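First comes the structure, then the notes that go with it.
2 protein chains.
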Amino acid sequence: MKIPYKTYLSEAQLPTAWMNLRHLVPHAPPILHPGTHAPVTLDLLSQVFVEELAKQELSDEKFISIPGEVLDFYRMIRPSPLVRAYALEKALDTPARIYYKFEGTNTSGSHKLNSAVPQAYYAKQQGLTSLTTETGAGQWGTALSMACAFYGIALDVYMVKISSAQKPYRKAVMETYGASVTPSPSNTTQAGRNALAENPDSKGSLGNAISEALEVAAGRENCRYVLGSVLQHVLLHQSVIGLEARAAMDSLEEYPDIVIGCAGGGSNLGGLIVTYAEDKIKGKASPRILAVEPASCPSLTRGTFAYDFGDVAKTTPLIKMYTLGSGFKPDANHAGGLRYHGMNTALSQLYEDGILEARAVPQRAVFDAAVLFARTEGTLPAPESAHAIRAAIDEALACKESGETKTILFGLSGTGYFDMAAYQDYLSGAMHDNIPTDETLARGFASLPKL
Amino acid sequence: MKIPYKTYLSEAQLPTAWMNLRHLVPHAPPILHPGTHAPVTLDLLSQVFVEELAKQELSDEKFISIPGEVLDFYRMIRPSPLVRAYALEKALDTPARIYYKFEGTNTSGSHKLNSAVPQAYYAKQQGLTSLTTETGAGQWGTALSMACAFYGIALDVYMVKISSAQKPYRKAVMETYGASVTPSPSNTTQAGRNALAENPDSKGSLGNAISEALEVAAGRENCRYVLGSVLQHVLLHQSVIGLEARAAMDSLEEYPDIVIGCAGGGSNLGGLIVTYAEDKIKGKASPRILAVEPASCPSLTRGTFAYDFGDVAKTTPLIKMYTLGSGFKPDANHAGGLRYHGMNTALSQLYEDGILEARAVPQRAVFDAAVLFARTEGTLPAPESAHAIRAAIDEALACKESGETKTILFGLSGTGYFDMAAYQDYLSGAMHDNIPTDETLARGFASLPKL
């Protein structure tokens, strides 16, 4: 059988239920109330989050049905293609077979839309009239803007100030979909004013933008805060990536020796690996599963497995995760995304259990891989996704060395069309690797709560 | 049969030969030598163009085989989806069935890559080492950069200065693929220096950028000029759009009552309509076929069918086409693309023969349609493509009025991710329609050559 360049599932083959990674790690630590340190209740979570999302956050069901109206939107943007990287294989002269699941063909430019759609849908079902969120690189804000436009919900986006400056057109895209976008830190919230008082020239951070979005949602009627990574319900929605990829790989009679995903908060990785992680846990197969993170924000490879806040202002419930501390500040010149200080709990537990491996890669090596990929496979990748490309290339080159014909599957989570300032830095030689010193890490760890 | 949201052909169903629109209009006037006014020979054309492309330019064969190495690249970027616009239909509350063929999922963001790939391939086969071209909105330059990176050919792009300023990241994308990009008019050519002497603040035009690219190619060893629209061989390559769309429509047992494409130089339109135009000419069916052009650059609806130069410097062979004159200057504030002064010969002949209809639409109505489309169908369209959306919406609304259940097929030739400055103008109310006065048109017509 000649394997096609691209494999698309038919509409009838698309998943109709999400698969819950949390189900695979029942021993993963629960979310705790920040005051009492007792496991959070649905009631408490529902005060902050959309109720159905709070339910999903606490669920350990294996499968959760995808509502019909969500499927209707999914069918506009999915299936995404599973691509055989013939041209990259040829350029590397590797015996490895390289596949990637490409999530960047929708206007948000990434996998983020997979979770934005159900989040906006459930908000609408609950009778909410507006949502707030944060965005870093902009993919999540764009995705949520699209979903909110579709379901008719108002949206306020707090966008990390440095990203907002580097990507003015991301803001314009969100506004085209009707969202209101505020660079963070801003003077519209107490959290923002505090950050500006501390440093008027602050370039912002995801943690701070989260604090601002949370504060606005808490003070407004029929409004909730939603977010695009880290949490369990987000990984649940992203399982459509992995379920589709698995069905397509199975249809080609291919099973990966290694599954690779980039990892910031973990949603893309958690979505991609879900069925293969189950195989490994159940002893049905032994694929390597690899998380790739930036050396400049290395939560798995240099972090610690501890309870931590999700935001800088320390207002969220406590989540046990591999973390650098919510006070960790990645270098502002780091252009590769994946800037979040912590990692989803279930993924952290899989790493703790030895099911998941992790690797940190420096920024310039990531852009080397991104440019090689663009010039061979045609698609210009998001810097975030290029972390996975870097690792896939390194694995393929190892196969060339050893002569092994391995099957590699990686997640190409998005495109880099709004990241050209970073590419310009790379091409001009202005880019640095920005690897944090031990002292920088120590300052982050010092911000961890004492339980 | 429930029609799916998206129909993808399998790899085995992809076209292996292009279909030549020129074959359908054997009576269309030939290209003339600008000095002798005799039909151009292959020898003459091959001095300017890649030889195989020159052959295709003069061919009246119905089908021309697609080389295997071009098919290899096509399989990375194709098939493109045929989409049923369920959400748009619902928003319009129309009984019409709306389909669109979406060419924007590749990194160039448009259909232009369909022709860039064979053009770079044939150049490589001929042993050329570099190419030159012009780009306006940037899609063509990006597409050719991608193809040249793949086949290993150097590329110089002359980019219309106003576009270069409005879309700095387009330039960065081309540079990421290894192209050299020069804003036009520039002081690197005589044509550029002449334009700057006439107006140091010139914002540039496609016609002038063409002159610069031609001049550089003429003065360099193993180099040729290539272009992305207007000419017959470009429309030939774009027939993959129409051949795929036809196969997909046939598989759904759908036949369009009306086929709609936006029209600048005509490559997207000519590619889309090719099989339906044949049906109409042969009396097998009578679909309406509609070209949609900007009211600010109305070559079909307000132009004249005459021999004209392809460029401002009047250096190209003479092409008979619907034209506003190579001296026509569209308003610099026109953001909607499709700025070329003339229209492909075969399409012009089809319009002359009454096979093709044309409609001009003003810019703000185009962006109204673009935003509605983005907020319902999810995809943010290129301003160029939004001309077709505007007409499709108007036709669907007419169906609502009349109660007719028509089938509408339009070409969504690309995405607008690099056109956000134009969207910002629209959203802020700063956009105008820029419809040329009769005096402006008269100045353009005065530039026509006397034969």
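Chains as they are written, first to last, in this note's numbering: chain D, 1 to 451; chain G, 1001 to 1451. Where a beta carbon is used, it is the ideal one built from N, C-alpha and C, also for glycine. These numbers come from a predicted model, not from an experiment.
8 Å contact criterion, which residue i and residue j should meet: CB distance rounded
{"i": "L88/D", "j": "T7/D", "result": "Actually they are not in contact, since the Cβ atoms of L88/D and T7/D sit about 16 Å apart, beyond 8 Å."}
{"i": "H1387/G", "j": "V1366/G", "result": "5 Å"}
{"i": "P34/D", "j": "L318/D", "result": "5 Å"}
{"i": "T1376/G", "j": "A1091/G", "result": "5 Å"}
{"i": "L1300/G", "j": "V173/D", "result": "Not a contact, Cβ separation roughly 32 Å."}
{"i": "E1050/G", "j": "A1123/G", "result": "The sequence shown places Val at residue 1050/G, not Glu. That pair is a contact at about 5 Å."}
{"i": "L1235/G", "j": "G1266/G", "result": "7 Å"}
Burial state of residue i (16 or more Cβ within 10 Å)
{"i": "E281/D", "result": "The amino acid occupying residue 281/D in the given sequence is Ile; Glu does not appear at that position. I281/D comes out exposed."}
{"i": "P256/D", "result": "buried"}
{"i": "E103/D", "result": "buried"}
{"i": "P15/D", "result": "buried"}
{"i": "Q1238/G", "result": "buried"}
{"i": "Q56/D", "result": "buried"}
{"i": "Q1190/G", "result": "exposed"}
{"i": "G429/D", "result": "exposed"}
{"i": "L1042/G", "result": "exposed"}
{"i": "S1402/G", "result": "exposed"}
{"i": "L131/D", "result": "buried"}
{"i": "H37/D", "result": "exposed"}
{"i": "G1283/G", "result": "exposed"}
Member of the options whose CA lies at the smallest distance from the CA of residue i
{"i": "A12/D", "options": "W18/D, Q56/D, R75/D", "result": "R75/D"}
{"i": "S1184/G", "options": "S1164/G, N1434/G, H1233/G", "result": "S1164/G"}
{"i": "V117/D", "options": "I153/D, L409/D, S186/D, A137/D", "result": "I153/D"}
{"i": "Q232/D", "options": "R443/D, T323/D, Y5/D, A54/D", "result": "A54/D"}
{"i": "Y1225/G", "options": "I1162/G, T1135/G, G1378/G, R1302/G", "result": "T1135/G"}
{"i": "D1201/G", "options": "A1091/G, V1181/G, V1160/G", "result": "V1160/G"}
{"i": "L324/D", "options": "G264/D, S402/D, T107/D", "result": "G264/D"}
{"i": "A28/D", "options": "I3/D, S59/D, M1/D", "result": "S59/D"}
{"i": "I998/G", "options": "F1049/G, A1335/G, S1428/G", "result": "Nothing can be reported for residue 998/G: it is not among the residues displayed for chain G, which extend from 1001 to 1451."}
{"i": "K1167/G", "options": "A1369/G, M1420/G, G1444/G, Q1056/G", "result": "M1420/G"}
{"i": "V1216/G", "options": "E1198/G, A1247/G, L1155/G", "result": "L1155/G"}
{"i": "P1294/G", "options": "M1343/G, D1308/G, N1106/G, T1275/G", "result": "M1343/G"}
{"i": "P1068/G", "options": "C1262/G, Q1139/G, Q1125/G", "result": "Rather than Pro, the amino acid found at residue 1068/G in this sequence is Gly. Nearest option by C-alpha distance: Q1125/G."}
{"i": "S1115/G", "options": "I1077/G, V1173/G, P1095/G, L1252/G", "result": "I1077/G"}
{"i": "P383/D", "options": "G327/D, A398/D, A332/D, L412/D", "result": "L412/D"}
{"i": "L1290/G", "options": "G1127/G, R1359/G, N1187/G", "result": "R1359/G"}
{"i": "S1110/G", "options": "L1128/G, T1094/G, S1080/G", "result": "S1080/G"}
{"i": "P287/D", "options": "L32/D, Q47/D, I260/D, D308/D", "result": "I260/D"}
{"i": "Y417/D", "options": "L1206/G, G1270/G, E1175/G", "result": "E1175/G"}
{"i": "S1447/G", "options": "L1024/G, Q1139/G, N1222/G, K1314/G", "result": "K1314/G"}
{"i": "G1337/G", "options": "T1188/G, Q1349/G, Q1363/G, L1441/G", "result": "Q1363/G"}
Check: residue i C-beta below 8 Å from any heavy atom of the ligand GTP
{"i": "M420/D", "result": "Among the components of this structure there are no ligands whatsoever, and the ligand GTP is therefore not found."}
Under 7 Å by beta carbon: chain G residues contacting residue i
{"i": "Y169/D", "result": "M1420"}
{"i": "V240/D", "result": "In chain order: nothing, as chain G lies at least about 15 Å away."}
{"i": "Y423/D", "result": "A1172, T1176"}
{"i": "A87/D", "result": "M1076"}
Partners in chain G for residue i, counting only beta-carbon separations shorter than 8 Å
{"i": "V371/D", "result": "T1176"}
{"i": "I77/D", "result": "G1378"}
{"i": "P4/D", "result": "S1010, E1011, R1075"}
{"i": "Y307/D", "result": "The contacting residues do not exist; Y307/D stays about 38 Å from chain G at best."}
One or two residues paired with residue i in a DSSP bridge
{"i": "A1245/G", "result": "Paired residue(s): none; A1245/G is not in a bridge."}
{"i": "F49/D", "result": "DSSP output for F49/D lists no bridge partner at all."}
{"i": "D1308/G", "result": "I1319/G"}
{"i": "G261/D", "result": "A291/D"}
{"i": "P183/D", "result": "M159/D"}
{"i": "L1409/G", "result": "Y1099/G, V1259/G"}
{"i": "W1018/G", "result": "I1064/G"}
{"i": "R1359/G", "result": "V1292/G"}
{"i": "E1134/G", "result": "Y1158/G"}
{"i": "K6/D", "result": "V83/D"}
Beta-carbon neighbours of residue i, restricted to chain D and to distances below 7 Å
{"i": "M1146/G", "result": "G378"}
Chain-ordered neighbours of residue i on chain G, where CB pairs are closer than 9 Å
{"i": "F410/D", "result": "Residues of chain G passing the Cβ test: none, with the nearest at roughly 16 Å."}
{"i": "R375/D", "result": "M1146, A1149, F1150, T1176, Y1177, G1178"}
Interface residues of chain D facing residue i [CB-CB closer than 9 Å]
{"i": "R1193/G", "result": "Here the premise fails: no neighbours, minimum Cβ distance about 28 Å."}
{"i": "L1427/G", "result": "A172, E175, T176"}
Interface partners of residue i on chain D, CB under 8 Å
{"i": "Y1417/G", "result": "T107, G109, Y169, V173, Y417, F418"}
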